[in-house]
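**Student:** The structure follows.
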Amino acid sequence: MINFFKRSISIHFNKEKSIFVKDVMNQSGYYWHKVFDSESIQLSGLKQIGFPKISFEKYIPDKFPEMGILALKNAYVFGENGWIINENGYWLPEFSWYGENFNEVKIEHQTNNYKKLKGSCLSLCSDWANTNYSHFLLDTLGRFELYRKAGFSINDIDYVYCPIPSPFAERLLIKLGIPINKCILPEAGKAYQFEKLFVPSFPGYRRVYPQWLIEFLRSEFTEKSVKKFRRLYIPRNTSRKISNEKELISILEKLDFEVFEPIQHMNTPSYFSEAEIVIGAHGAALANLAFCHPGTKVLELIPSDHVFPHWYTLSAAADLIYSCIIGKSENERPIPKFGPSPYDFFIDMDKFENALSALLL
């Protein structure tokens, strides 16, 4: 048990007092280990079944930023999202999911008690990874691969600031050689200061995934040579459910689709790596598309109130054959939309059957 001292840090989140790598990389107390140069983002064409037509362009930049590891002295890691705070209390937003869009964060200033620990720490935490599987799989584990590619080992650090949102997530960490007894679990409102802190970049760009991330996940968690024979339907049982899902499933089961719920299985990577077709509603479970092998066909069912490109860009990075249908949400939030939609949605059966016919060719 780590006890928090009654000492506090004043943390600044406002735009004028945020710190960026380009501003500090040559200063004392900071060292930047570059792993990847900035590179252009290459995406395949978007195949959409039916109307209304959508565009993901506004979410996708031309290039990925340069990526690497920043080593800092006497820095803090803060809260359940693992935000990085320098010795003087200023936030480094480019290591968060928000990145250059940090103006979306509404907090400007916060004072928190913290615990100072001797030794070095690797921060793998990322926004929402504490509770959301897709952010854990792609954003947290991707940071560990950057750390390794920079030439570091788990033996080089004393602590790992890392979320473990489920028993399956813990298994993935163990498979990567991350000792659970080194892990500090993020908690809301708590901060730690370390003599030396290693901070990997956000692995890609929010909602846009690089090819190296997919290659890493496949190489670590799937077999190189598999026979693709499964047809998977991924249901959604929380918010944004498909209101006529029973109709979809009745058709799919006649075509040898398995209704597969990843959260109930400990061998999820194997199932996805063996899939020839994956159909599912937009949600965290589709992060497992990263385990599919090239050429797997994907049909994403997207609610009209929650149109984001996560699984289109992941499919492009994984060399999958992607298509989508937009279903009418029960309600629509005003623009600009941010965060998850709470509304269920309906899939037009004519569109769905047309999409199925194309998938089965």
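All you need for the working numbering is the position in the sequence shown, starting with 1, plus 291. Glycine included, C-beta positions come from ideal geometry on N, C-alpha and C.
1) Quick one: is Q484 buried, meaning 16 or more other Cβ sit within 10 Å of its Cβ, or exposed?
2) Who are W374's beta bridge partners in DSSP?
3) Could you give the residue range of the alpha helix (DSSP H) that holds R462?
4) DSSP on Q662, reduced to helix/strand/coil?
5) Can you have a look at I465 and say buried or exposed, based on whether 16 or more other CB atoms are within 10 angstroms of its CB?
6) With distance defined between alpha-carbon atoms, name the residue in V312, F342, S335, G320 nearest to I616.
7) Are the CB atoms of A366 and L476 nearer to each other than 8 Å?
8) Can we say the stretch 425-438 touches the stretch 491-503, given the rule of at least three CB pairs closer than 8 Å?
9) How would you label A479, buried or exposed, when you count the other beta carbons within 10 angstroms and need 16 or more for buried?
10) Would you give the residue range spanned by the beta strand (DSSP E) that Q484 belongs to?
11) For P633, does the count of other Cβ atoms within 10 angstroms reach 16, so buried, or fall short, so exposed?
12) Would you call the stretch 345-357 and the stretch 598-614 touching, i.e. three or more CB-CB distances under 8 Å?
13) Would you tell me roughly how many angstroms separate the C-alpha atoms of N528 and F637, rounded to the nearest one?
14) Quick one: using the 10 Å Cβ neighbour count with 16 as the cut-off for buried, is F551 buried or exposed?
15) Are the CB atoms of A581 and A609 nearer to each other than 8 Å?
16) What residue range is occupied by the uninterrupted alpha helix (DSSP H) comprising P560?
17) Buried or exposed for V569, please, with buried defined as at least 16 other CB atoms from any protein chain shown within 10 angstroms of its CB.
18) Using the rule of at least 16 other Cβ atoms within 10 Å of the residue's Cβ for burial, across every protein chain shown, is L361 buried or exposed?
19) Buried or exposed: where does E536 fall if 16 or more other Cβ atoms within 10 Å of its Cβ makes it buried?
20) Sort A575, E644, P594 by Cα distance to E623 and report the nearest one.
21) With C-beta atoms as the reference, is I302 less than 8 Å away from F386?
22) Of all the options N423, P560, L337, F311, which has the alpha carbon lying nearest to the alpha carbon of L463?
**Tutor:** According to the structure data:
1) The residue in question, Q484, is buried, as its Cβ has 16 or more Cβ neighbours within 10 Å.
2) Answer by DSSP bridge pairing, in chain order: F369.
3) It spans 458-466 - the alpha helix (DSSP H) in which R462 sits, taken as one unbroken run.
4) Given a span of 292 to 652 for the chain in the structure shown, any question on residue 662 remains unanswerable.
5) Flag for I465 reads exposed.
6) Among V312, F342, S335, G320, the Cα nearest to that of I616 is on F342.
7) No. Outside cutoff.
8) Segments in contact, yes.
9) Exposed is the call here.
10) Here the beta strand (DSSP E) through Q484 covers 482-491.
11) Of the other Cβ atoms in all chains shown, fewer than 16 fall within 10 Å of the Cβ of P633; this residue is therefore exposed.
12) Cβ pair count under 8 Å is three or more, so yes.
13) Each residue's Cα considered, the two are about 14 Å apart.
14) Burial call: buried.
15) Contact annotation: A581 and A609 have beta-carbon atoms nearer than 8 Å.
16) Element bounds for P560: 559-564.
17) With 16 or more other Cβ atoms within 10 Å, it is buried.
18) Counting the other Cβ atoms within 10 Å of the Cβ of L361 gives 16 or more, which makes it buried.
19) Classification of E536: buried, given that the 10 Å Cβ count is 16 or more.
20) The shortest C-alpha separation from E623 is found at P594.
21) 8 Å or more divides the Cβ of I302 from the Cβ of F386.
22) Checking every option, the nearest Cα to that of L463 belongs to P560.
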